[in-house]
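Student: Just so we're aligned, residue 1 is where the sequence shown starts under UniProt numbering, counting upward by one.
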Amino acid sequence: MANPQEADKRPKILLIDDEEEFCKDLITMLAPHFNVNFVQDENRGMTSMRDLLPDAILLDVDLGKGRSGLDVLLEIRKMPAPPPVLMLTGDKRIDTAVQAIRRGAYDYIIKPPNLEEMTRTLLRALAESAMKRKIESLQSELAELRGDLIVEDKRMLDVLRQVEKVGPTDATVLITGESGTGKEIIARRIHQLSPRSHGPFVGVNCAAIPSNLMESALFGHEKGAFTDAGSLHRGHFELANRGTLFLDELGDSPAELQVKLLRVLQERVFSRLGSETRIGVDVRILAATSKDVEKQVAAGRLREELYYRLNVFRIHIPPLRDRRADILPIALHYIAKYGRQYGRPARGLTPAAREVLTQQPWPGNVRELQNSLQRAVIQCEDHEIDLHDIFGSPYGMEDLSIPYDHAKERVLQQFKIQYLTARLRETDGKVTLAAEKSGLKRQSFQRMVQECGLDPNDFHPDPRN
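1) Are the beta-carbon atoms of P329 and I150 separated by less than 9 Å?
2) Taking the alpha helix (DSSP H) that D25 falls in, what are its first and last residues?
3) Starting from F391, trace the beta strand (DSSP E) both ways and give me its first and last residue.
4) In terms of residue numbering, what span does the beta strand (DSSP E) encompassing H316 cover?
5) Give the secondary structure of L59 by DSSP, where H, G and I count as helix, E and B as strand, and everything else as coil.
6) Could you tell me the alpha carbon to alpha carbon distance between H460 and R234, rounded to whole angstroms?
7) Please identify the residue among L157, Q359, F237 and M29 whose C-alpha is closest to the C-alpha of V264.
8) Out of S179, S194 and T181, which one is the CA nearest neighbour of K165?
9) Please report the straight-line C-alpha distance between R314 and T172, rounded to a whole angstrom.
10) Ends of the alpha helix (DSSP H) at F219?
11) Output the residue ranges of the alpha helix (DSSP H) runs that lie fully inside the segment 282-313 and measure 4 residues or longer, sorted by chain position.
12) Out of E75, R10 and E215, which one is the CA nearest neighbour of I382?
13) Would G316 and T169 be called neighbours here (beta carbons separated by less than 9 Å)?
14) On a CA-only basis, which of I110, K295 and N365 is nearest L88? Give me that one, please.
15) Decide if V39 is buried, meaning its Cβ has at least 16 other Cβ atoms within 10 Å, or exposed.
16) Out of I335, R189 and A207, state which residue places its alpha-carbon closest to the alpha-carbon of K291.
17) H198: buried (16+ other C-beta within 10 angstroms of its C-beta) or exposed?
18) Checking the sheet assignment: what are the DSSP bridge partners for K12?
19) Kindly identify the DSSP beta-bridge partner or partners of T244.
20) A352 to Q418, Cα distance in whole Å?
21) Using the rule of at least 16 other Cβ atoms within 10 Å of the residue's Cβ for burial, across every protein chain shown, is D17 buried or exposed?
22) Grab me the residues of L373's own chain with a C-beta within less than 8 Å of its C-beta, minus the 5 sequence neighbours each way, in chain order.
23) Against chain B, does L115 count as a neighbour if the rule is that its beta carbon must be under 9 Å from one of theirs?
24) In three-state terms, what does DSSP make of G182?
25) Am I right that R196 and R284 are in contact with their C-beta atoms under 8 Å? What's the rounded C-beta distance?
26) Keeping to the same chain, check which residues put their C-beta closer than 8 Å to that of A217; ignore five residues upstream and five downstream.
27) Report, in whole angstroms, the separation of the C-beta atoms of L261 and E305, which I expect to be a contact under 8 Å.
28) Considering only the alpha carbon of each residue, which of L232, V281 and E20 lies closest to R242?
29) In terms of residues, what are the limits of the beta strand (DSSP E) holding D107?
30) Would you check if the distance between the CB atom of A56 and the CB atom of V85 is smaller than 9 Å?
31) Distance check for G45 and G104, CA to CA, integer angstroms please.
32) Once the 5 residues before and after Q446 are set aside, which same chain residues still bring their CB inside 8 Å of it?
33) Is the segment 177-185 touching the segment 220-227, taking contact as three or more C-beta pairs under 8 Å?
34) What are the start and end residues of the alpha helix (DSSP H) that includes V366?
35) With a floor of 4 residues, list each alpha helix (DSSP H) that falls wholly inside the segment 151-183, ordered by position along the chain.
36) Spatial neighbours of Q379 within its chain, please: C-beta separation below 8 Å, excluding the five flanking residues on both sides.
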């Protein structure tokens, strides 16, 4: 028997079982190594779990009166950072064990238990749980340092090297890339690496500001400068003083504003609307666009002189479909982030979900992936997110009795058909163009179309219409 003075040092185990004599015997058996508390029904079990904060749980599959420990297991798994659960069962059928593992149990133990084996299993579960908490803590600390910047793909590692070179300088940077690729995340990283990191970072989405309000938003206005200007307003340039100003989609701003902005970049002074007083500003400019910036200049939407001022150092962020090695790390980052934020049980992805995620084209890039996983974390009732949590109805499967490989193959085939159909419909059956939009070689795209039984001719426009 353990010394009472050392009892607090023993790992805390919560035992949920309706057989009182069995519980008392098990407590005696485990006492040398574990501090065991027992309850005989699931309601008191859930209460005790919140009060005791056990390191592990022993849970009987059959709680009597038709109550199932497997249902209790699901409730436990929904809690934030649940402890490992070992199921106790007198049922030696393998399907019971499989159900328990599928629902998130660490392991299962056949009654009556072998003391040595049970002790070994408990100690292993506790060690793995402690290691998992340590890893999650380190990942959380790392995430705080790097924000949402998750990179493994070679192309993005090259981008990061550029960021690390230009970050410590005061150079103006132009960041290009499709919508949702993470241009603001890169801009924030540049700011963090700069001598201005202790100053403000002010982000401005120029495309979201009405053109008649753009000048006031950037440079501010004096009281009475125009109708409804009831008080002095400091613009984004003043707010970003001694820091970084990030201008997103600047090419959407009016031509006359671009002239004033060019002057500010050259002279580092500006005036508020309604005032002739010149205000000096010490700010680093980072600009971004999702459009073809050279075409914008050629079309006259972006002043050439302003373009040269902004394009001192250029960073291009590739779309997510061109850096597929980043998809799973980004996905797991957001699952962990939103799991903590919403107190949901999801901590990972099923193998089928992993495979489909990496094959998705993600036209909305990281932002689309992030939003999909935020929704999935909220909806998921298990510890692993599955296809139906992410995509809903088209990927839900009614028949879960078929073998895993067959189920996965069915889902992937369904995904391929839907994806190829969408691309062929979008391009009126033009295989070369559809392959290009998919990021695939024409030969590979053509083969997949044939394997799925699709005919590009079915997508040609009807000449009668």
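Every residue gets a Cβ at the ideal spot worked out from N, C-alpha and C, and that includes glycine.
Tutor: Taking the coordinates as given:
1) Taking a C-beta distance under 9 Å as the contact criterion, P329 and I150 qualify as a contact pair.
2) E20 to L30
3) Run containing F391: none in the beta strand (DSSP E); it sits in the alpha helix (DSSP H), L387 to F391.
4) F313 to H316
5) strand
6) 56 Å
7) F237
8) That would be S194, whose Cα lies nearest to the Cα of K165.
9) 9 Å
10) M214 to F219
11) 293-298 and 304-310, all fully within the segment 282-313.
12) With the sequence shown as reference, residue 382 is identified as Asp, and Ile is not the correct amino acid for it. Of E75, R10 and E215, the residue nearest in Cα terms is E75.
13) Rather than Gly, the amino acid found at residue 316 in this sequence is His. It is not a contact, given that the beta carbons lie outside the stated cut-off.
14) I110 is the residue among I110, K295 and N365 whose C-alpha sits nearest the C-alpha of L88.
15) buried
16) A207
17) exposed
18) N35
19) F201 and R284
20) 16 Å
21) buried
22) A331, Y334, I335, Y338, I385 and I390
23) No chain B is part of this structure, which consists of one protein chain only.
24) Note: G182 maps to coil in three-state DSSP.
25) 6 Å
26) V204, I209, G235 and H236
27) Going by Cβ atoms, the distance from L261 to E305 rounds to 10 Å, so no, they are not a contact pair.
28) V281
29) D107 to I110
30) Yes, Cβ-Cβ distance for A56 and V85 is below 9 Å.
31) Distance between the alpha carbons of G104 and G45 is about 17 Å.
32) Hits under 8 Å: V431 and A435.
33) Contact between the segment 177-185 and the segment 220-227 is absent, because fewer than three Cβ pairs lie under 8 Å.
34) N365 to Q379
35) 154-166
36) D389
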